[in-house]
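Take a look at the structure below.
2 protein chains.
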Amino acid sequence: MTLETIVEACLPHFENERLGVPKYARFYNAIRDAIESGRLVAGDKLPSEQELSARLPASLGTLQKGLKALADDGIIVRQHGRGTFIRDQELRYEEIRVFRFLDQGRPLPLTLQGIGIRRVDLDGELAKFFERKECAVIERLVQVENEPWTFNAFYLPLGLAEELLEMAPGDFDGFSIHEYLHRSRQLLTSRFDHHLSAGEFSSAARRALKLDDQTTVGMQWQVHGYTREGKPATFQCFELQPGHRPIELKTQLDR
Amino acid sequence: MTLETIVEACLPHFENERLGVPKYARFYNAIRDAIESGRLVAGDKLPSEQELSARLPASLGTLQKGLKALADDGIIVRQHGRGTFIRDQELRYEEIRVFRFLDQGRPLPLTLQGIGIRRVDLDGELAKFFERKECAVIERLVQVENEPWTFNAFYLPLGLAEELLEMAPGDFDGFSIHEYLHRSRQLLTSRFDHHLSAGEFSSAARRALKLDDQTTVGMQWQVHGYTREGKPATFQCFELQPGHRPIELKTQLDR
DNA sequence: ACAAATTTGTACGTATGTATA
DNA sequence: ATATACATACGTACAAATTTG
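Those protein sequence lines, which keep their order, are chains A and B. Here the working numbering is used: the first residue of the first sequence is 207, the next is one more, and so on. Here the working numbering is used: the first residue of the second sequence is 207, the next is one more, and so on.
Here it is in structure tokens:
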């Protein structure tokens, strides 16, 4: 019984007096959690609005409001006359990884090679972003398909990096930092600002990419990640070589 | 009476049997139209939900649904306990212009200098985008604050460019193409894809920017504009010099 | 500092329309 | 044609934030 499964998954969110959380939001959270924990997977059909309102302590309209929000956020798809379905989370997941080189809208496979992790003192832009004087940085090389390698520095607060600081450079090969932060630290980065410019490579990038003396200018790409509440979470710098395939950014998700 | 003004502006949308248009959408359209025509301007306060539902042939909940949609689209701001206000369309407007260099999220002033407009035969990427073999291109130089000049090629379908093709190069100085397309051709570009890479300057850009032989590599920025229905509308290429301030792109509007 | 009025936010229950199976 | 399921709509009630007296 899918109905039973959903009801079971939702009820805890309604039970205990979650102070101040509206019912439609509790339903929203319940569904997100169920997806998160794997109880719901892409393509699953949700019970009808009627069934849900009969079994959950919320009215039809309230649940509709929650369903609308889930649909707006691209978590479910509602189809008139058919039903409500869990959407393919593939794309959302790529968003979490931030680093997405797209080809015709589809994410491309990447190769990740760790260089190392260390603590760094911050100043200027980075200090302003984190509102701290110190943080951790993971340096990596990234390759998409057969393009030239790209240098990446991934900055994150020390509080989130404790376990990571124990890792060896090789452990970062193929390692998704955002996936780790999401899974182990419950960090969800939901908004990204991108800063892009052409400029000289940093010395760290020159070394890591083994650039010759001819190649001096490339593309600098900064990705500033914020939580849903607008707090700074992650800061990434990419340095791309000339001739590398373009990165594709969409200002709006297509649904 | 602001109430009277709004009611007057809204009633026509409800009167004649607009087949199949939901009431909340009629209200949404009415408010958009009122802003479009200047009857409502930024900062104006809308009548309260109660007042509106008393004067319009729609229930409280229906109007709330319309108001929610307007707020979601960034057209109004709703403030608990205070009221509903028309949002500053300035930012939305900058979005329409596409070319927005931001500083701390605020748009920076630009200088635009026209080079000329002409018809061009398309192939490759451009032909694929427009699904045509010919279109118009406007070439311009753009400067933001005191940064180095940037070369810009603005491609658009011939059907939209008829009047523009009659214009002299100087007429494009300070001329906003998106504003023109919106005002005169009712073209609303609502979604943009950005493609960014580092690469060699085109010969057209080299000439226009008067680049020396040292400066060979810069940033290529393509902006693909689509209508609300997903049809291709405009295609822009920017070529930026090394050292130019970064462009800032947000994946999500903050409200 | 407190109370009242205003305004949006949430919620309920019900009814009817419309697309799909 | 019938049943199912989402979409729209109405009217009402109370909660919570803000402003006003």
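Ideal Cβ positions, reconstructed from N, Cα and C, are used throughout, including at glycine.
Sequence-distant residues of its chain with Cβ nearer than 8 Å to residue i (five each side left out)
i, result
"Ala380 (chain B)", "According to the sequence shown, residue 380 (chain B) is Gly rather than Ala. Here the set comprises Thr317, Leu318."
"Ala404 (chain A)", "Val423, Gly424, Met425, Gln426"
"Tyr386 (chain B)", "Leu370"
"Tyr432 (chain A)", "Thr395, Ser396, Arg397, Phe398, Asp399, Pro438, Ala439"
"Asp377 (chain A)", "Gly320"
"Phe285 (chain A)", "Correcting the residue type first, residue 285 (chain A) is Gln in the shown sequence and not Phe. So the list reads Phe291, once near-sequence residues are dropped."
Cross-strand partners of residue i (DSSP beta bridge)
i, result
"Gly405 (chain B)", "B:Gly424"
"Arg397 (chain B)", "B:Tyr432"
"Ile179 (chain B)", "Any question about residue 179 (chain B) goes unanswered here, given that chain B covers just 207 to 461."
"Lys437 (chain A)", "Answer is none; Lys437 (chain A) lacks a bridge partner."
"Gly289 (chain A)", "A:Gln285"
"Gln295 (chain B)", "None; Gln295 (chain B) has no bridge partner."
"Val350 (chain B)", "B:Leu316"
"Glu454 (chain B)", "A:His401"
"Asn358 (chain A)", "A:Arg346, A:Phe444"
"Lys251 (chain B)", "B:Phe291"
Contact with chain B by residue i, beta-carbon distance below 8 Å
i, result
"Ile453 (chain A)", "yes"
"Met373 (chain A)", "no"
"Ala367 (chain A)", "no"
"Val423 (chain A)", "yes"
"Ile302 (chain A)", "Residue confidence is low: Ile302 (chain A) scores 37 on pLDDT, short of 50, so the model does not pin down where it sits. Its coordinate-derived value is still stated next. No, its Cβ sits nowhere closer than 8 Å to a Cβ of chain B."
"Phe305 (chain A)", "Low confidence applies here, because Phe305 (chain A) scores a pLDDT of 46, under 50, leaving its location unreliable; read the following figure in that light. Closer than 8 Å: no."
"Leu364 (chain A)", "no"
"Gly249 (chain A)", "no"
"His450 (chain A)", "yes"
"Gln447 (chain A)", "yes"
"Lys456 (chain A)", "yes"
"Gln442 (chain A)", "no"
"Tyr299 (chain A)", "Here Tyr299 (chain A) scores only 45 on pLDDT, less than 50, and its place in the model is too uncertain to base an answer on."
Neighbourhood of residue i by C-beta, 6 Å cutoff - its chain only, sequence neighbours within 5 removed
i, result
"Arg451 (chain B)", "Glu353"
"Leu246 (chain B)", "Ala240, Ile292"
"Thr268 (chain B)", "Lys229, Tyr230"
"Leu258 (chain A)", "Leu269"
"Phe335 (chain A)", "Pro438, Phe441"
"Leu252 (chain B)", "Thr290"
"Leu446 (chain A)", "Thr356, Gly424, Met425"
"Gly272 (chain A)", "Tyr230, Phe233, Tyr234"
Closest residue to residue i among the options (Cα-Cα distance)
i, options, result
"Leu328 (chain A)", "A:Ala342, A:Gly320, A:Ser243", "A:Ala342"
"Glu214 (chain B)", "B:Leu262, B:His384, B:Leu455", "B:Leu262"
"Asp418 (chain B)", "B:Thr440, B:Glu351, B:Ile282, B:Pro448", "B:Pro448"
"Ala240 (chain B)", "B:Lys334, B:Leu266, B:Arg293, B:Ser259", "B:Arg293"
"Ser409 (chain B)", "B:Asn358, B:Thr208, B:Ile453, B:Met373", "B:Asn358"
"Arg413 (chain B)", "B:Arg346, B:Glu372, B:Leu393", "B:Arg346"
"Glu340 (chain A)", "A:Glu351, A:Gly287, A:Leu366", "A:Leu366"
"Glu210 (chain B)", "B:Gly226, B:Ile344, B:Ala260, B:Ser390", "B:Ala260"
"Phe360 (chain B)", "B:Glu406, B:Val429, B:Arg238, B:Ile237", "B:Val429"
"Ala480 (chain B)", "B:Ile383, B:Cys443, B:Ser390, B:Leu393", "Nothing can be reported for residue 480 (chain B): it is not among the residues displayed for chain B, which extend from 207 to 461."
"Trp355 (chain B)", "B:Phe233, B:Ile344, B:Leu415", "B:Leu415"
"Glu406 (chain B)", "A:Phe407, A:Leu393, A:Thr421", "A:Thr421"
"Arg288 (chain A)", "A:Ala264, A:Ile281, A:Asp250", "A:Asp250"
"Asn235 (chain A)", "A:Leu402, A:Ile282, A:Ser382", "A:Ile282"
"Leu495 (chain B)", "B:Leu332, B:Phe220, B:Arg324, B:Ile237", "This structure does not reach residue 495 (chain B), given that chain B is present from 207 up to 461, and the question cannot be answered."
Same chain, Cβ closer than 7 Å to residue i, five either side skipped, listed in chain order
i, result
"Leu455 (chain B)", "His400"
"Asp460 (chain A)", "Reliability fails at Asp460 (chain A), whose pLDDT of 41 lies under 50, so the model's placement of it is uncertain and the value that follows must be treated cautiously. No residues qualify anywhere along the chain."
"Gly322 (chain A)", "Glu345, Pro375"
Closer than 7 Å: residue i CB and nearest the ligand NAP heavy atom
i, result
"Asp279 (chain B)", "Among the components of this structure there are no ligands whatsoever, and the ligand NAP is therefore not found."
CB contact below 8 Å: residue i versus chain A
i, result
"Leu387 (chain B)", "no"
message: Closer than 7 Å between beta carbons: that is the criterion. Which residues of the segment 264 to 287 of chain A meet it against chain B?
response: none
query: Taking a cut of 8 Å between CB atoms, which residues from the segment 327 to 341 of chain A lie near chain B?
result: none
task: Scan the segment 398 to 429 of chain B for residues whose Cβ lies nearer than 9 Å to a Cβ of chain A and list them as they occur along the chain.
output: Phe398, Asp399, His400, His401, Leu402, Ser403, Ala404, Gly405, Glu406, Thr421, Thr422, Val423, Gly424, Met425, Gln426, Trp427, Gln428
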